[in-house]
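What follows is a short report on a single structure.
Protein chains: 2
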Amino acid sequence: MTSMRAVTTVLANERPRLARLGTAERVTEILREQIAAGLFPPGTRLSEESIGEALGVSRNTLRESFRLLGHENLVAHELNRGVFVRVLTAEDVVDLYQLRQIIESSALEIAGRAGPLELGPVIAAVEQAEAAGADGRWDEVATLDLQFHQEIVALAQSPRLDELMRRLLAELRLAFHVMHGSQEFHEPYLVRNRKMVTLLRRKKLDQAVQELRAYLEDAQRELLSAFRAEQAAPPSQGT
Amino acid sequence: MTSMRAVTTVLANERPRLARLGTAERVTEILREQIAAGLFPPGTRLSEESIGEALGVSRNTLRESFRLLGHENLVAHELNRGVFVRVLTAEDVVDLYQLRQIIESSALEIAGRAGPLELGPVIAAVEQAEAAGADGRWDEVATLDLQFHQEIVALAQSPRLDELMRRLLAELRLAFHVMHGSQEFHEPYLVRNRKMVTLLRRKKLDQAVQELRAYLEDAQRELLSAFRAEQAAPPSQGT
DNA sequence: TGTATCCTTTTGTTGAACAATTCTCCAAGA
DNA sequence: TCTTGGAGAATTGTTCAACAAAAGGATACA
């Protein structure tokens, strides 16, 4: 028999799904997606007038959205000049990976201490990524790889860690553009993700953390070198 | 002789100090401070009309501020009902301390790996806190204690870690209201902070991390019990 | 007691207006 | 040629007024 207390607790956990979204939030989601997808490359200025007209929302509503994106570090707001899609520096990439290292390994440790791992979503992400890889859809692989890591963090069951990881990955995506969907970059990580799942299944937590650490170091190195090559070549980014 | 490149690099590092603030940002700062100071206790609804009139800003500008505060988890935005100063649950406190644990200990480890510690600001915070304690200004002690921990994180020299800690502490302050400036709560931590500084000075990093961990566990326990006592008594906070 | 219906209040969103700032371009001067 | 100045255009910053939409509260009725 279920107590009233139990019922209300279950329902309380469903509350987030109930929350409707205002126009500003929906606009934010659209812009976040489009920035991730590369419609607005780093450095682009987001014009209030043109975007507002395109989406059919007023400038005021759009400005609320811009504030939110600014708080997520996806755009930089310069007074009287507007908002610009963030251009990450090499230092940013290093800082982001350092934080990623902290978050992901901490999440695994917390999850390990807490009890049996609920690996369903983690495995699903890996399998979807493998399927996408088999079909040659490498930019989807990129997205699913990030989702895999998001699910890793979700194992810790910490709302703030989840949110933090979400924002971090959104920001990191800005740097991934230089790799846009190249097979050579993504393919090895498919194998490594699979390996990590195996380790987690066998409860080899320490090894999984170690593998994760190596994974992130390699990814950072590769990304940085591609990044610096990109930055040296095309636009001479003002001094 | 200094090259032009060197000059511009130096100046570029000064850029943040140049950034002026818009009205919305300044309003956000004011509200953040006042929420921390307790002018708006948790659960309070922030009325657009009355606050806008009090500060002499328009509703639109104020709404931009509210969005920012919402993103910092200081207020919760409910569609068509307005923004309310966040009411933390016991689970929130646990989640916050878990994250604090991660951030602060990681910061110490990073700082230790990086090289010699620049303890100036850390020591300054402790000494100011001790001075405030000697004068019986216990709510200032509370603020300076938080600043001490902010400076601990600053040792890692990571912009994102800094920002993360800043937001985390702002949120945690919501819970601290139940302790409002009580000497019994704060006094022991003065001693412990001093002890931690000593350990850091002697480069006993491992011991410092251990002390930090114990510190946070104790603080969480005390805060939680005061918190639950508070919550049980006065307002019957929804089912 | 419960519930259906009004009225009031507050937020959600828009559009227009004007001030303040930045950008662009061109001409004058060294 | 390069720098400096400045006029005008374009864009953002902020306010205001208006109305739609939703939530909250009160009243009348079964």
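Respectively, the protein sequence lines represent chains F and S. Under my numbering, think of the first position of the first sequence as 1097, with each following residue one higher. Under my numbering, think of the first position of the second sequence as 1097, with each following residue one higher. We treat Cβ as the ideally placed atom computed from N, Cα and C, and that holds for glycine. In this text, all values refer to a predicted model and were calculated from it rather than measured experimentally.
Residue i - DSSP class collapsed to helix/strand/coil
i	result
Leu1184(S)	coil
Gly1208(F)	helix
Arg1233(S)	coil
Glu1214(F)	coil
Arg1116(F)	coil
Ala1252(F)	coil
Glu1168(F)	coil
Val1153(S)	coil
Arg1309(S)	helix
Leu1142(S)	strand
His1173(S)	strand
Gly1134(F)	coil
Gly1148(F)	helix
Where residue i meets chain S, residues with beta-carbon distance less than 7 angstroms
i	result
Ile1198(F)	Ile1198, Ser1202
Gly1118(F)	Leu1175
Glu1160(F)	Arg1159, Glu1160, Arg1163
Gln1306(F)	None at all; the shortest Cβ gap to chain S is about 16 angstroms.
Which listed residue (the options) has its alpha carbon closest to that of residue i
i	options	result
Ser1154(S)	Thr1119(S), Glu1174(S), Glu1168(S)	Thr1119(S)
Arg1269(S)	Lys1299(S), Pro1217(S), Arg1309(S), Ala1315(S)	Ala1315(S)
Trp1234(F)	Met1275(F), Ser1161(F), Ala1210(F)	Met1275(F)
Leu1295(F)	Ser1146(F), Glu1174(F), Ile1248(F), Gly1166(F)	Ile1248(F)
Ser1240(S)	Tyr1285(S), Ser1201(S), Ala1271(S)	Ser is not the amino acid found at residue 1240(S); the sequence shown has Leu there. Looking at the Cα atoms, Tyr1285(S) is the closest of the given residues.
Ala1298(F)	Leu1215(F), Val1171(F), Asp1231(F)	A small correction: the amino acid at residue 1298(F) is Arg; Ala does not occupy that position in the sequence shown. Of the listed residues, the one whose Cα sits closest to Arg1298(F) is Leu1215(F).
Gly1229(S)	Asn1169(S), Gln1279(S), Gly1166(S)	Gln1279(S)
Ala1266(S)	Ile1126(S), Leu1127(S), Arg1116(S), Ala1132(S)	Ala1132(S)
Leu1308(S)	Ser1146(S), Leu1117(S), Ala1210(S), Ser1202(S)	Ser1202(S)
Asn1156(F)	Glu1121(F), His1273(F), Asp1231(F), Ala1328(F)	Glu1121(F)
Thr1124(F)	Glu1160(F), Leu1135(F), Glu1149(F), Ala1150(F)	Glu1160(F)
Asn1176(F)	Arg1116(S), Arg1317(S), Ala1325(S)	Arg1116(S)
Gly1152(S)	Ile1126(S), Gln1306(S), Arg1317(S), Val1305(S)	Ile1126(S)
Pro1217(S)	His1245(S), Ile1147(S), Gly1134(S), Gly1211(S)	His1245(S)
Val1305(F)	Ala1328(F), Glu1205(F), Arg1317(F)	Glu1205(F)
Same chain, Cβ closer than 6 angstroms to residue i, neighbours up to 5 away in sequence not counted
i	result
Gln1243(S)	Ala1221
Leu1301(S)	Gly1208
Gln1333(F)	With a pLDDT of 39 at Gln1333(F), under the threshold of 50, the predicted position of this residue should be treated as unreliable, though the coordinate-derived value follows. Correct list: empty, nothing qualifies.
Arg1263(F)	Glu1168
Val1237(S)	Ala1225, Ala1228, Gly1229, His1282
Gln1303(F)	Leu1295
Proximity test, residue i beta-carbon vs the ligand ZN heavy atom, cut-off 6 angstroms
i	result
Ile1248(S)	Absent from the structure shown: the ligand ZN. Ligands present: none.
Listed by chain order, chain S residues near residue i by CB distance under 9 angstroms
i	result
Glu1316(F)	The amino acid at residue 1316(F) is misidentified as Glu; the sequence shows Gln. Residues of chain S passing the Cβ test: none, with the nearest at roughly 14 angstroms.
Leu1142(F)	By Cβ distance, chain S contributes nothing, its closest Cβ being about 15 angstroms from Leu1142(F), past 9 angstroms.
Gln1130(F)	None at all; the shortest Cβ gap to chain S is about 19 angstroms.
Cβ-based neighbour list, residue i, same chain, cut-off 8 angstroms, excluding 5 preceding and 5 following
i	result
Ala1207(S)	Leu1213, Leu1251, Ala1252, Gln1253
Leu1312(F)	Tyr1193, Arg1196, Gln1197, Glu1200
Ala1271(S)	Leu1184, Asp1188, Val1189, Leu1192, Leu1319, Phe1323
Glu1145(S)	Arg1155
Glu1326(F)	Val1274
Gln1130(S)	Phe1136
Gly1134(S)	His1273, His1276
Glu1174(F)	Phe1180
Residues that residue i contacts on chain F, provided the C-beta gap is smaller than 7 angstroms
i	result
Asn1156(S)	Asn1156
His1167(S)	Leu1164, His1167
Close Cβ partners of residue i (< 7 angstroms) along its chain, the five nearest in sequence each way excluded
i	result
Leu1260(S)	Ile1199
Asp1258(F)	Val1249, Ala1250
Val1171(S)	Leu1142, Phe1162, Leu1165, Val1179, Phe1180, Val1181, Arg1182
Met1097(F)	In this prediction, Met1097(F) scores a pLDDT of 47, lower than 50, which makes its location untrustworthy; the coordinate-derived value is nonetheless stated afterwards. Same-chain partners within the cutoff: there are none.
Ala1186(F)	Leu1320, Phe1323, Arg1324
Gly1148(F)	Ser1154, Arg1155, Leu1158
Within chain F, the residues that residue i reaches when beta carbons sit closer than 9 angstroms
i	result
Asp1191(S)	Ser1254, Pro1255, Arg1256, Leu1257
Contact set between residue i and chain S, taken where Cβ atoms lie within less than 8 angstroms
i	result
Leu1312(F)	The premise fails here: Leu1312(F) is roughly 14 angstroms from chain S at the closest Cβ pair, so nothing lies under 8 angstroms.
Leu1319(F)	Per Cβ cutoff of 8 angstroms: no residues; Leu1319(F) is ~17 angstroms from chain S at best.
Could you check whether the segment 1184-1196 of chain S touches the segment 1248-1260 of chain F, counting it as contact only if at least three pairs of C-beta atoms, one from each stretch, sit closer than 8 angstroms?
yes
Check whether the segment 1276-1290 of chain F touches the segment 1212-1228 of chain F, taking contact to mean three or more Cβ pairs, one atom from each stretch, closer than 8 angstroms.
Flag = yes, the segment 1276-1290 of chain F and the segment 1212-1228 of chain F touch.
Three or more beta-carbon pairs under 8 angstroms between the segment 1178-1185 of chain F and the segment 1132-1151 of chain F, yes or no?
Verdict: yes, contact present.
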